[in-house]
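Beneath this line is the structure, given in structure tokens, with notes to follow.
In this note's numbering, the protein residues as written are 832 to 904.
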């Protein structure tokens, strides 16, 4: 049984009205495959389609994007 971890999924997608865009989605999932499936579902709901996976990895703190996996207080 896997435990939930935080992953960052980077995908190239077609928004329909413009050229392809590169998107990063950070979310909690049970594994790499689950993270990819959840990220695609989120993007479909936002109107993106025709996905090309770039990477799926365990997320890290990223000051440039404002992603913090632990509380800094």
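Think of the CB as a built atom: it goes at the ideal place given N, C-alpha and C, for glycine as much as any other residue.
DSSP on residue i, reduced to helix/strand/coil?
i           : result
residue 845 : strand
residue 876 : helix
residue 890 : coil
residue 850 : coil
Can you list, in chain order, the residues of its chain with a C-beta nearer than 7 angstroms to that of residue i? Leave out the 5 residues immediately preceding and following it.
i           : result
residue 904 : Because residue 904 carries a pLDDT of 43, less than 50, the predicted location of this residue cannot be relied on, and no value is offered for it.
residue 832 : Because residue 832 carries a pLDDT of 48, less than 50, the predicted location of this residue cannot be relied on, and no value is offered for it.
Under the criterion of a Cβ to heavy atom distance below 8 angstroms, does residue i qualify as lining the ligand MN?
i           : result
residue 846 : For the ligand MN, the structure offers nothing, since it holds no ligand at all.
Mind checking who residue i pairs with in its DSSP beta bridge?
i           : result
residue 855 : 841
residue 883 : 843
residue 860 : 836
With residue i and residue j assumed to form a contact (beta carbons below 8 angstroms), what rounded beta-carbon distance in angstroms separates them?
i           : j           : result
residue 873 : residue 856 : 6 angstroms
residue 867 : residue 887 : 5 angstroms
residue 870 : residue 835 : That pair is no contact at about 15 angstroms.
Inspect the CB distances between the stretch 836-855 and the stretch 868-880 and report whether three or more fall short of 8 angstroms. yes
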